[in-house]
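Numbering (the working numbering), first residue to last: 1189 to 1505. We treat Cβ as the ideally placed atom computed from N, Cα and C, and that holds for glycine. As the structure is a computational prediction, the values presented were derived from the model and not from experiment. Notes for the one structure printed next.
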Amino acid sequence: MGEGHLPVLVDEVLSSLALGPGSSAVDCTVGGGGHAERLLEASSPDGRLLGIDADQAAVAEAHRFLDRFGDRVVLRHANFAQLHETARDAGFIDVDAVLFDLGLSSYQLADSARGFGFAADAPPDMRFDEDRGVSALDLIDGSSERELAGILATFGEERRAGRIAKAILAARAEGRLMTATDLAGVVAAAVPQPRADIGRIHPATRTFQALRIAVNRELDVLGVGLEGALATLRPGGRLAVISYHSGEDRIVKRFIARESRDCIEQPLPPACTCGHRAQLRPVTKRVVKPSPGEIHRNRRARSARLRVAEKLAPASA
Ligand SMILES: C[S@@+](CC[C@H](N)C(=O)[O-])C[C@H]1O[C@@H](n2cnc3c(N)ncnc32)[C@H](O)[C@@H]1O
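If you want it as structure tokens, here you go:
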């Protein structure tokens, strides 16, 4: 793995995906290639991997890092909302494993020009795909105080969303908010930090997370990506998802629960009329969390949550 990004829960992912020689896998968030490298090693000598990333710079980094695997690796610049089409067009049909490692990488955080981090002396852009959508600064400029507060509350679970939104828009109007560092400073000045958070997280953590999730429509595309994964897996193939935010984990948990049930009507009728049939079986009964040792080695792992499910064979009519 290139310096700077340590793959999270990598042993747990490898043991649950159970790849072997000849296996095929799709890494929907290839990033710098950390998980991809380990998946390719696990499927040696001839397993194949499709790596997808919405960030062109991540695809370039993965190209460099995974070069030694030659034509066992195919990389595509794409959003995993287009997972099924992208995989099909690249010849990855009925694959053995699909992995999502959500959120942003240490490379993106460290690239100050992208404005993901508190110390970035550049406008807060925060788009994974710089060719599409609106930047975080444009989102702020196009939002009313109420809309901005809604974004911070919904995607950041920020309890002081109203005060923060007001302070951000005032600073923007007064020309005091041009960079990500300015944004972090405006938030820190607007709200006293809860005692439990002092020295643990920066006061602007939830604001930055909320803006990034909104800019990239992360929760919307996750649902679409999970559907794409189901369509791309072979029966018996496995889906693994690492999330870093309760909103993401809730979507994954509900998706696996829903797709593991034969009837999804509520309340359950005496006889099913919806026709829905289970397509998944949960492999991890409970969410898998990193060990204290991993959190000690890699602080980014502290909020990681892994869920794994296996695709079922279609029920015979
Ligand atoms: C946590 S990093 C992945 C790191 C990777 N597993 C590794 O070990 O190097 C998440 C990556 O997912 C990408 N990403 C996030 N949302 C995406 C989406 N909807 N479609 C494609 N890539 C996405 C980001 O650009 C980022 O590179």
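- Distance from the C-beta of residue 1316 to the nearest heavy atom of ligand 1 is below 7 Å.
- For the pair residue 1420 and residue 1360, the Cα-to-Cα distance works out to about 45 Å.
- A contact is defined here as three or more CB-CB pairs under 8 Å, and the stretch 1372-1380 meets this definition with respect to the stretch 1390-1408.
- Three or more Cβ pairs drawn from the stretch 1409-1429 and the stretch 1285-1305 lie within less than 8 Å of each other, which places the two stretches in contact.
- The straight-line gap separating the alpha-carbon atoms of residue 1256 and residue 1231 is approximately 14 Å.
- Within the model, the alpha-carbon separation for residue 1315 versus residue 1321 is close to 8 Å.
- Under DSSP, residue 1427 shares a beta bridge with 1286, 1497.
- Residue state for residue 1351 is assigned as helix, using DSSP reduced to three classes.
- Remark: the C-beta of residue 1409 is in contact range of ligand 1, defined as less than 7 Å to any heavy atom.
- Spanning the alpha carbons of residue 1298 and residue 1396 requires a straight line of approximately 14 Å.
- Taken atom to atom, the span from the alpha-carbon of residue 1308 to that of residue 1317 is near 18 Å.
- Relative to ligand 1, the nearest heavy atom lies less than 7 Å away from the CB of residue 1195.
- Pairing residue 1262 with residue 1422 gives a Cβ-Cβ distance that is not under 8 Å.
- Spatial neighbours of residue 1353 in its own chain (CB-CB distance under 7 Å, excluding positions within 5 residues in sequence) are listed in chain order as 1333, 1336, 1337, 1340.
- DSSP, reduced to helix, strand and coil, places residue 1470 within a strand of the structure shown.
- In the DSSP annotation of this structure, the continuous segment of the alpha helix (DSSP H) that includes residue 1251 starts and ends at 1244-1253.
- Counting only runs of 4+ residues, the alpha helix (DSSP H) found wholly inside the stretch 1391-1422 occupies 1393-1403, 1406-1420, in chain order.
- Cβ-Cβ distances below 8 Å link residue 1468 to 1418, 1427, 1444, 1447, 1448, 1497, 1498, 1499, 1500 in the same chain, with the five nearest sequence neighbours on each side left out; the list follows chain order.
- Listed in chain order, the beta strand (DSSP E) runs fully inside the stretch 1264-1329 are 1283-1289, counting runs of at least 3 residues.
- Counting along the chain, residue 1236 sits inside the beta strand (DSSP E) bounded by residues 1236-1241.
- The alpha carbon of residue 1221 has as its nearest neighbour, out of 1490, 1210, 1240, 1209, the alpha carbon of 1240.
- Taking 7 Å as the cut-off, the C-beta of residue 1435 does not count as close to any heavy atom of ligand 1.
- For residue 1224 against residue 1205, the beta-carbon gap comes to about 12 Å, at or over 8 Å, which does not count as contact.
- Using a Cβ distance threshold of 8 Å, residue 1198 and residue 1226 count as a contacting pair.
- The beta carbon of residue 1350 sits closer than 6 Å to those of 1337, all from its chain and outside the five residues before and after it, given in chain order.
- For the pair residue 1490 and residue 1441, the CB atoms are not nearer than the 8 Å cut-off.
- For residue 1401, same chain residues with a beta-carbon under 8 Å away, outside a window of 5 residues either side, are 1343, 1344, 1407, 1433, 1435 in chain order.
- Residue 1484 has its Cβ no nearer than 7 Å to any heavy atom of ligand 1.
- In the structure shown, the three-state DSSP call for residue 1215 is strand.
- Collapsing the DSSP output to three states places residue 1196 in coil.
- Annotation for residue 1343: the continuous alpha helix (DSSP H) segment containing it runs 1333-1344.
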